[in-house]
Amino acid sequence: MRRGNFKVRILIALAVVAFAFIRKCSQEEINPYTGKKQAISLSPDQEIAIGLQSAPDMARQHGGLHPNNQYQSLVDNVGNKLVNSSVAKNTPYQYDFHLLADENTINAFALPGGQIFITYALFSKLENQDQLAGVLGHEIGHVLGRHSNERITNANFWKVIAMGSSAIDMGGVAQQMGQGELLKNGRGDELESDELGVKFMINAGYNPEEMIGVMEILKAAAGPNRVPEFQSTHPDPENRIEKIREAIRKYKNAS
Ligand SMILES: [Zn+2]
């Protein structure tokens, strides 16, 4: 191979990298509901489609939906009350709240676009509706914060760069989602969702102090040696309760 050829290849590689970064920057937009600047590549319609497509897989992995209709109605009522009395109502997202039959895994999570889940294991530990509102409000925060969109965008960075955002392999992403990959949230996402959760609780007339109760239940459930599933998808920054207290002060004074 000639030396000149090699140089040309390096130049092309550099051009591709430069193009990639320009493209990534041009993908940044301000989230209209949180005011946060983020690099995202999926439209709300695509987020909704991925969530709907991976929801059945997700449910199957947690023993399907819980058969008790009264419990499911309670989850629906609290979830819908949070949506209808907050900015979540003005988003394009379609919110569905699912109670999963799983009695062992203490967890709650959100797929992009509004599919939200809570396991019976966590549901049965909650002491009141306000705490349920805390869990669901936090998950609505992940949807509105478009946190999975950011993770999908990062995971598909080079593919997105090479083919443009519309070329994302939607089926592949939905499959990864359904298998629980791409569900892990970062610290920043957790704190943002806690804050949004507190805001939604206050908007809907729930007692935001109970968000702290939720944190205590999660901590107690972890026990000395066991790390609950919730913490693998929801890292627990040490200052989470402190930040929740700050959010309560902030939004209580505002209302
Ligand atoms: Zn979370």
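According to numbering that gives the first Met the number 0, the sequence shown is numbered sequentially starting from 0. For glycine and all other residues, C-beta sits at the position ideal for the given N, C-alpha and C. This structure is a prediction, so every number in the text was calculated from the model and none was measured.
- Following the DSSP letters along the chain, one finds isoleucine 117 inside the beta strand (DSSP E) bounded by residues 114 to 118.
- Excluding sequence positions up to five before and after lysine 88, its CB lies within less than 6 angstroms of the CB of Val82, all in the same chain and listed in chain order.
- Between the beta-carbon of leucine 135 and that of glycine 78 there is about 5 angstroms, and that keeps the pair under the 8 angstroms contact cut.
- For leucine 190, the enclosing alpha helix (DSSP H) begins and ends at 186 to 202.
- Between ligand 1 and the CB of serine 147, the shortest heavy atom gap is not smaller than 8 angstroms.
- Under the three-state reduction of DSSP, histidine 61 is assigned to coil, being neither helix nor strand.
- Here the distance from the Cβ of aspartate 188 to the nearest heavy atom of ligand 1 is below 8 angstroms.
- Shortest gap from the CB of asparagine 238 to any heavy atom of ligand 1: 8 angstroms or more.
- Between the alpha carbons of serine 40 and glycine 140 lies a gap of roughly 19 angstroms.
- Distance from the Cα of glutamine 114 is smallest, within the candidate group Ser53, Tyr70 and Lys251, for Ser53.
- Looking at Gly112, Val86, Lys80 and Asn76, the one whose alpha-carbon comes closest to that of leucine 98 is Asn76.
- Alanine 38: not part of any alpha helix (DSSP H); member of the beta strand (DSSP E) spanning 36 to 38, first to last residue.
- The beta-bridge partner set that DSSP reports for glutamate 28 consists of Gln37.
- Of the candidates Lys218, Ile216 and Pro207, Pro207 places its Cα closest to the Cα of lysine 249.
- At the C-beta level, methionine 210 and isoleucine 247 come within 9 angstroms of one another.
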